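Residue numbers (our numbering): 48 to 320.
From the three backbone atoms N, C-alpha and C, an ideal C-beta is built for every residue, glycine too.
Since we're looking at a predicted model, the values are computed, not measured.
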Ligand code: ARG
C-alpha cells in the first residue's frame, strides 16, 4: 500500500530544555544526522515516499515530526489537520511551520480554540487502524481538557475518541507506550496507564500485547508499523515473539541520539497518507 511520510532533518536538533525525564545527555550531531538518514532510507525501503519540511534554526525539537499536527481524512471534507498546542513554549513555535506546509498542500485546517489546554498531535493521538476511532493520551503533555475539545470536534465529523490517562512520567506521550499493530492488536506497556484506561484498552482490542517497563523506556513501543514491517530501535525476545504472532517483520534502526531527547522512530515522522 502506498504510504507518504513527512520528516524534518535534524540540522538544528539539540537537547536544551529538559522536557521529559529522558533528556539528560548531549547530542552527537554527526550521529544524529546519520541515524536520521538511515531511518529515512529504511522507510523508503519499506515502500514509503518521504517528504520533508525545512528545519528552522533554534527550533531544536522540530525533527519530531509526529507532534505538531494531527492528520486525518474525512469522506466529505477530505484531508485535514488539527494544529497542536504544545506544552512547551519553545515547541509551540514549530506548529505554524507545519500548518503552513499542510495548508499549501490543500489540507483543511481544523483549528480548535485550545486556549489554556494542550494537545500534542500524534504524540498522543493515534488512529485505530481501519476504523473511525482515535485513541487519545493525556496527563503529561496533552491535557484532559485538550483531548475533550479534540473529541468534541472529531465527534462532529463522525469519529470516536477514546481518552487514555497516562501515569508514568517516562511514558509521557501515548506513542511511547501504545502502538496499534493492526486493527485487532495493540502493543502496550500496561504500567503507563491508569486502571480505568487499561480496562478501556483491554475492551477495545482483540489482542493486547504487553511490554515490560524496561522495554518501554527503551522505546520499543515507539516503532513504526508499515507495510508488514515494524521499524524498531531494539529487539527483545518478547518483541520478536509478538511481531511473529502479528506477522510483522522486524527492522532495526539506531536512534540513540533522538532517545536522548525522549523520542525514537515513531516520533520522527508523521504519515500523511
Ligand atoms: N524532546 C521532545 C519533547 O519532549 C521529544 C518529543 C518526542 N516525540 C514523541 N512523539 N514522543 O517534546
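Which residue comes first and which comes last in the beta strand (DSSP E) that contains residue i?
i, result
"residue 299", "296–299"
"residue 237", "No beta strand (DSSP E) contains residue 237, which DSSP labels as neither H nor E."
"residue 330", "Missing from the structure shown is residue 330; the chain here goes from 48 to 320 and no further."
"residue 264", "It is not in any beta strand (DSSP E) - residue 264 instead sits in the alpha helix (DSSP H) that spans 260–264."
"residue 226", "225–227"
"residue 276", "276–279"
"residue 272", "271–273"
"residue 130", "125–130"
Can you have a look at residue i and say buried or exposed, based on whether 16 or more other CB atoms are within 10 angstroms of its CB?
i, result
"residue 222", "buried"
"residue 317", "buried"
"residue 241", "exposed"
"residue 276", "buried"
"residue 131", "buried"
"residue 207", "exposed"
"residue 300", "buried"
"residue 92", "exposed"
"residue 312", "buried"
"residue 136", "exposed"
"residue 115", "buried"
Among the options, which residue has its Cα nearest to the Cα of residue i?
i, options, result
"residue 155", "64, 125, 113 and 175", "125"
"residue 170", "122, 83, 224 and 56", "224"
"residue 243", "188, 131, 312 and 211", "211"
"residue 145", "184, 282, 112 and 134", "112"
"residue 182", "132, 152, 130 and 235", "235"
"residue 63", "73, 55, 54 and 267", "73"
"residue 172", "141, 190 and 237", "190"
"residue 258", "218, 148 and 115", "218"
"residue 57", "319, 302 and 320", "302"
"residue 193", "163, 246 and 177", "163"
"residue 122", "287, 184 and 204", "204"
In the DSSP assignment, find the unbroken alpha helix (DSSP H) run with residue i in it and report its ends.
i, result
"residue 290", "284–292"
"residue 88", "76–92"
"residue 305", "303–306"
"residue 254", "Where residue 254 is concerned, there is no enclosing alpha helix (DSSP H), although the beta strand (DSSP E) it sits in stretches over 254–257."
Could you confirm whether any beta carbon from chain C is found closer than 8 angstroms to the beta carbon of residue i?
i, result
"residue 75", "The structure shown contains no chain C; it is built from a single protein chain."
Legend entry - Those runs of the beta strand (DSSP E) which lie wholly inside the region 145–209 and span at least 3 residues: At a cut-off of 3 residues, the continuous stretches assigned as beta strand (DSSP E) that sit fully inside the region 145–209 are 172–174 and 180–185.
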